[in-house]
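Protein chains in written order, with our numbering: chain F, 2 to 351; chain U, 8 to 380.
Pasting the structure below:
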C-alpha cells in the first residue's frame with residue numbers, strides 16, 4: 002500500500018488531499034509513522050523524529066495514528082489478496098508476499114494478477130497499491146518499491162541478472178549501514194561487483210550470511226511464501242466410494258456445510274472465508290474461495306456461499322468427482338494477533 | 008604435539024566450547040575444536056564462523072603443535088577419564104593418543120591447518136566494566152529476545168555505552184526488557200558505542216570467568232565484537248544494528264501504581280495459568296484497592312482464580328496478559344517485591360523491581376496487554 006496510514010487519512014478527510022500529511026504525534030520524542038507523498042517531497046520519511054519532520058515541512062498536518070482503522074483496512078485488503086491465492090504472507094499491515102503460481106480466479110499470468118489486485122484494491126478501498134512481480138520473494142520486494150506510488154514493476158526470469166548487476170548493494174535485504182561499509186571497502190558498490198567473489202570468500206568474510214549474500218547476488222532465493230501460522234481453518238472433505246456428478250457433489254456440500262456450521266457455532270468461531278475443493282476422476286484438483294463482506298451467519302448462509310463457489314469451477318460439465326470438500330477459515334477471533342509494543346512496522350532507531 | 012594436562016582443566020575448557028561448536032553444520036569441521044600447544048599452555052578454540060571462543064589452560068608441553076578434533080567426542084572422553092592427568096600425543100596418520108591411567112584412546116584427527124582461520128583482535132578502543140555487571144544485564148534481558156530467526160534485527164540484545172550509563176535492551180516485539188548501570192566518573196573509556204550482541208554470544212558471556220581484576224574488556228575490532236575476561240576471549244561477528252526505537256514504547260502516563268510481593272505473584276500466576284489457553288496463555292488481572300485477582304478461563308477446561316494482597320488504593324481496573332511474559336519478568340527480578348505502573352487494559356504495562364531496594368542498576372520491563380475474549 003502506498004503511504005498507507007497517510008493515504009487512509011487523506012481518503013477519510015477530503016480536505017487533507019493534496020496536502021502534506023504526517024501520521025504521528027507531533028511531540029518531542031515521537032517519530033513519524035507515515036508521510037504522504039506531498040510531505041515526502043520535503044524530505045520527510047517514516048521513522049524520522051517528528052521534530053525534524055516539522056522543521057522540514059512546517060505546513061504539514063500532523064494526524065495521530067488510529068491503528069484500529071488501519072487494521073480494518075488491512076483486513077479488507079487481505080480479503081482481496083486471498084481471493085487470488087491462499088498463499089499470502091503478510092509482512093506488516095500494508096505489505097504482503099503472494100505466491101500466485103496457482104491463481105484461484107483463473108487469471109493466467111502473475112502480471113495480470115497483480116494488475117487485477119491493484120484494480121480491486123483501488124475500487125474497493127479507494128487506495129492505491131504498488132506491486133512487484135518476480136520469480137522469488139527477494140526480487141519481488143525490490144520490484145515493489147521500484148515504481149511506487151501506484152505502480153507495477155515486473156522482473157522476468159531472463160531479466161534477473163541484468164536487473165541485479167547495477168543494483169547498489171544497500172538494496173539487498175539484510176545489508177545495512179555496517180555491511181554496506183564493509184562491502185564498499187572491499188570495492189563492492191553494486192551487486193554486479195559481488196559476482197567477482199566466490200561463495201567461499203564471502204563466507205570467510207561474512208560467516209553463514211556470506212552464503213545468503215552469494216545467492217541473493219545471483220537472484221537465488223528459495224524461501225517460500227509462508228502464510229500466517231496463526232490462521233486456522235475448519236474443513237470437511239470426503240473421497241467418495243464411487244465418482245459422482247456435480248449434482249451429487251452439490252447435495253454433499255449442502256449437507257457438509259450444515260454440519261460444519263454446527264461444529265463452528267459450538268466453538269463460537271466465525272470464519273470470514275469459505276473454500277470449496279474438488280478433485281476429478283482424473284485427479285485434477287482445484288479450490289475456489291470467497292470472503293464475503295459479511296461472514297456467513299447461518300448454516301443456510303454457508304451452504305448458499307459454498308454452492309455458489311461450486312459453479313465457479315472450470316471442469317467440464319460431464320466431469321465426475323472423486324473428492325469434494327468445504328472449509329471455513331480466516332476466523333474473526335482466532336486470527337487475533339499477539340499484541341505488539343510497536344504499532345505497524347517497527348521504526349529504525351536512527 | 009605432545010603434552011600433559013590436568014583433566015579438570017581440560018574438561019572445563021572443552022565444556023566452554025560446547026555452546027559454540029555446531030551440532031548440525033553443513034561444514035563438518037565446525038563440529039571440531041582447535042587445540043594448540045605452545046609456551047606452557049594448551050589453547051583451545053571453537054567457532055561457528057559467527058561466534059568464536061578462545062581459551063587456554065596450563066599444560067606441560069613436551070612438543071608444541073596443533074590439531075583439530077571433534078569437540079563433543081573429545082569432551083565426552085575427557086570427562087570420563089579415570090585419572091587426574093591426561094597425556095596427549097600426536098602419532099602417525101593424524102592419530103591422536105589420549106592416555107589417562109591405564110585407559111588409552113587413539114582418535115582420528117585433522118591437521119590444525121584445516122581449521123578455519125580465526126579472527127584476531129586489533130582493537131584501538133575498548134571498554135572495561137565489571138564482568139558481573141555485564142552478566143547481570145545479559146541475564147535480565149536475554150529472555151525477551153525473539154525466537155523468530157527471521158527477525159534478525161531483534162535476534163540479540165542491544166548494548167549501548169554512553170557517557171552516563173551503559174544500557175542493554177532486548178525485545179521480541181511483544182515485550183521488552185531494559186536495564187542500565189549508571190557509569191560514574193572515570194569509568195568511561197572511549198566513545199559512545201551501540202552494538203547488537205547475538206543470542207549465542209550472550210550465552211557465552213554468561214560463561215565467561217573474571218580474571219583477577221574482575222573485569223571484562225570489550226569493544227569492536229574491524230567487523231567483530233570481542234569480549235575478554237581472564238584467559239577467555241569471545242568474538243562475535245558484527246550484525247548491522249537496526250533496532251527499533253525502544254524509548255518510544257515506554258509509557259510515561261501510567262498513573263496506577265501497584266506494589267506486590269514478587270514470589271507470591273509468581274507462584275499464583277504459575278498456578279492459575281495451568282488452565283489458561285495454551286496458545287495465548289492469557290491470564291486476567293483484576294486490580295482493586297488492596298487486592299489483585301488473577302484468573303483464567305478456558306472453554307475447554309474450566310477456570311481458576313486466586314487473590315493476592317497488593318499495595319494499591321485507586322479505582323478498580325483490569326488487564327489481560329500473557330502469563331509467560333509476566334513470569335519471565337518476575338523470575339528475572341531479585342527484589343522481594345515489584346512495582347507495576349499501569350494505565351488500562353489497552354496500554355503498555357510496566358514492571359520494575361521495588362524502588363525500596365538499593366540496586367546498582369535500573370531495570371524495567373514493558374509488556375503489551377492482550378485483549379481478552
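For each residue, glycine too, the CB sits at the ideal point set by N, CA and C.
- Short check: CB of residue 173 of chain U to CB of residue 136 of chain U, under 9 Å? For the purposes of this step, residue 173 of chain U is identified with residue 166 of the second chain, where counting begins at 1. For the purposes of this step, residue 136 of chain U is identified with residue 129 of the second chain, where counting begins at 1. Taking 9 Å as the Cβ cut-off, residue 173 of chain U and residue 136 of chain U qualify as a contacting pair.
- Measure the alpha-carbon distance for residue 83 of chain U versus residue 210 of chain U and round it to whole angstroms. To locate residue 83 of chain U, count along the second chain from 1; it is residue 76. To locate residue 210 of chain U, count along the second chain from 1; it is residue 203. Each residue's Cα considered, the two are about 21 Å apart.
- Task: Can you say whether residue 89 of chain U is buried or exposed, counting buried as having 16 or more other CB atoms within 10 angstroms of its CB?
- Result: Counting from 1 along the second chain, the entry for residue 89 of chain U is found at position 82. Burial call: exposed.
- Task: From the DSSP output, in three-state form, read off residue 70 of chain F for me.
- Result: Position 69 of the first chain, counting from 1, holds the residue named residue 70 of chain F. Three-state result, residue 70 of chain F: helix.
- Query: Residue range of the beta strand (DSSP E) that residue 72 of chain U falls in?
  - Reply: For the purposes of this step, residue 72 of chain U is taken as the residue at position 65 of the second chain. Run containing residue 72 of chain U: 72-77, per the beta strand (DSSP E) assignment.
- By Cβ distance below 6 Å, which residues in the same chain neighbour residue 75 of chain F in space, the five residues on each side in sequence not counted? Position 74 of the first chain, counted from the start, is the residue given in the question as residue 75 of chain F. Counting only Cβ-Cβ distances below 6 Å, and skipping sequence neighbours, we find 94.
- Query: By Cβ distance, which residues of its chain are closer than 6 Å to residue 315 of chain U, with the 5 residues on each side in sequence left out?
  - Reply: Position 308 of the second chain, counted from the start, is the residue given in the question as residue 315 of chain U. Cβ neighbours of residue 315 of chain U beyond the five flanking positions: 271, 272, 275, 299.
- Where residue 39 of chain U falls: helix, strand or coil (DSSP): On the second chain, position 32 is the one that residue 39 of chain U refers to. Here residue 39 of chain U sits in strand by DSSP.
- DSSP bridge partner residues for residue 63 of chain U (one or two, in chain order): Your numbering for residue 63 of chain U matches position 56 in the second chain. DSSP, once it has assigned bridges, lists U/50 as partnering residue 63 of chain U.
- At least one CB of chain F closer than 9 Å to the CB of residue 359 of chain U: is that the case? Indexing the second chain from 1 puts residue 359 of chain U at position 352. Taking Cβ atoms only, chain F never reaches closer than 9 Å to residue 359 of chain U, which makes this a no.
- With 16 other Cβ atoms within 10 Å as the buried cut-off, status of residue 193 of chain U: Sequence index remark: in the second chain, residue 193 of chain U carries index 186 (1-based). Interpretation of residue 193 of chain U is limited by its pLDDT of 45, a score under 50 that renders its predicted location unreliable; the figure taken from the coordinates is listed afterwards. Classification for residue 193 of chain U: exposed.
- In chain A, which residues lie less than 7 Å from residue 91 of chain F when you measure between Cβ atoms? Here chain A cannot be found, since the structure's protein chains are F and U.
- Note down, in chain order, every chain U residue with its Cβ under 7 Å from the Cβ of residue 180 of chain F. Taking the first chain and counting its residues from 1, one reaches residue 180 of chain F at position 179. What residue 180 of chain F touches in chain U: 247.
- Message: I want to know whether the stretch 277-292 of chain F touches the stretch 310-318 of chain F - three or more CB-CB distances under 8 Å.
- Response: yes
- Task: Could you pull out every residue in the same chain whose Cβ sits closer than 6 Å to the Cβ of residue 14 of chain U, ignoring the five residues on either side in sequence?
- Result: Numbered from its first residue, the second chain carries residue 14 of chain U at position 7. Closer than 6 Å at Cβ, skipping near neighbours: 88, 91, 93.
- Task: Can you grab the Cα-Cα spacing for the pair residue 40 of chain F / residue 21 of chain F, in whole Å?
- Result: Numbered from 1 along the first chain, position 39 holds the residue referred to as residue 40 of chain F. Numbered from 1 along the first chain, position 20 holds the residue referred to as residue 21 of chain F. C-alpha separation (whole angstroms): 4 Å.
- Cutoff 9 Å: residue 53 of chain F Cβ touching any chain U Cβ: Walking along the first chain from the start, residue 53 of chain F turns up at place 52. Not an interface residue.
- Message: My assumption, with CB atoms under 8 Å, is that residue 364 of chain U sits in contact with residue 325 of chain U. Please give the rounded CB distance.
- Response: Residue 364 of chain U sits at position 357 when you count from the first residue of the second chain. Residue 325 of chain U sits at position 318 when you count from the first residue of the second chain. The pair is not a contact, with the Cβ atoms about 28 Å apart (cut-off 8 Å).
- Query: Exposed or buried, residue 211 of chain F, counting other C-beta atoms within 10 Å across all chains shown (16 or more means buried)?
  - Reply: Locating residue 211 of chain F in the first chain gives position 210, counting from the first residue. Flag for residue 211 of chain F reads buried.
- Item | Buried versus exposed, by CB contacts within 10 Å (16 or more), residue 192 of chain F | Sequence index remark: in the first chain, residue 192 of chain F carries index 191 (1-based). Flag for residue 192 of chain F reads buried.
- Task: Mark residue 263 of chain F as exposed unless 16 or more other C-beta atoms lie within 10 angstroms of its C-beta, in which case mark it buried.
- Result: Your numbering for residue 263 of chain F matches position 262 in the first chain. Exposed, because fewer than 16 other Cβ atoms sit within 10 Å of the Cβ of residue 263 of chain F.
- residue 353 of chain F - containing alpha helix (DSSP H), residue span: In this structure chain F extends from 2 to 351, so residue 353 of chain F is not present and cannot be described.
- Query: What three-state label does DSSP hand residue 14 of chain U in the structure shown?
  - Reply: Translated into the one-based positions of the second chain, residue 14 of chain U becomes position 7. If DSSP states are grouped into helix, strand and coil, residue 14 of chain U belongs with the helices.
- Do the stretch 21-30 of chain U and the stretch 103-119 of chain U touch if we need at least three Cβ pairs shorter than 8 Å? no
- What whole-angstrom Cβ distance do residue 355 of chain U and residue 342 of chain F have, given they're in contact under 8 Å? Within the second chain, residue 355 of chain U is the residue found at index 348, counting from 1. Within the first chain, residue 342 of chain F is the residue found at index 341, counting from 1. Confirmed, about 7 Å.
- Query: Taking the Cβ atom as the reference point for each residue, do residue 126 of chain F and residue 12 of chain F lie within a distance shorter than 9 Å?
  - Reply: Translated into positions along the first chain, residue 126 of chain F becomes position 125. Translated into positions along the first chain, residue 12 of chain F becomes position 11. In this structure, residue 12 of chain F lies closer than 9 Å to residue 126 of chain F by Cβ.
- Just the C-alpha distance for residue 51 of chain F and residue 177 of chain F, rounded to the nearest angstrom, thanks. As a position in the first chain, residue 51 of chain F is number 50, starting the count at 1. As a position in the first chain, residue 177 of chain F is number 176, starting the count at 1. The alpha-carbon atoms of residue 51 of chain F and residue 177 of chain F are separated by roughly 23 Å.
- Could you say which of U/73, U/74, U/311, U/198 lies nearest to residue 171 of chain U if we only look at CA atoms? Here residue 171 of chain U is taken as the residue at index 164 of the second chain, counted from 1. Ranking U/73, U/74, U/311, U/198 by Cα distance to residue 171 of chain U puts U/198 first.
- Query: So, using beta-carbon positions, are residue 323 of chain U and residue 348 of chain U closer together than 9 Å?
  - Reply: Residue mapping note: residue 323 of chain U aligns to position 316 of the second chain, counting from 1. Residue mapping note: residue 348 of chain U aligns to position 341 of the second chain, counting from 1. No, they are not a contact pair.
- Query: Which residues, in order along the stretch 208-227 of chain F, keep a beta-carbon less than 7 Å from a beta-carbon of chain U?
  - Reply: 208, 209
- Query: In this structure, what does DSSP give as the bridge partners for residue 183 of chain U?
  - Reply: What you label residue 183 of chain U is simply residue 176 of the second chain in a count that begins at 1. In DSSP, residue 183 of chain U forms a bridge with U/178, U/373.
- Message: In the DSSP output, which residue or residues are listed as bridge partners for residue 322 of chain F?
- Response: By 1-based counting over the first chain, the position of residue 322 of chain F is 321. According to DSSP, residue 322 of chain F bridges with F/245, F/281.
- Query: Is the Cβ-Cβ distance between residue 54 of chain U and residue 96 of chain U less than 9 Å?
  - Reply: Taking the first residue of the second chain as 1, we reach residue 54 of chain U at position 47. Taking the first residue of the second chain as 1, we reach residue 96 of chain U at position 89. Going by C-beta atoms, residue 54 of chain U is not nearer than 9 Å to residue 96 of chain U.
- residue 304 of chain U - containing beta strand (DSSP E), residue span: By one-based count along the second chain, residue 304 of chain U stands at place 297. Where residue 304 of chain U is concerned, the enclosing beta strand (DSSP E) stretches over 298-305.
- Task: For residue 195 of chain F, decide whether its Cβ has a neighbour in chain U, counting only Cβ atoms nearer than 9 Å.
- Result: By one-based count along the first chain, residue 195 of chain F stands at place 194. For residue 195 of chain F, the answer is no, since every Cβ of chain U falls outside 9 Å of its Cβ.
- Cutoff 7 Å; reference residue 228 of chain F; Cβ partners in own chain excluding five residues on either side: For this step, residue 228 of chain F is matched to residue 227 along the first chain. Closer than 7 Å at the Cβ level, and outside the excluded window around residue 228 of chain F, lie 87, 88, 89, 90.
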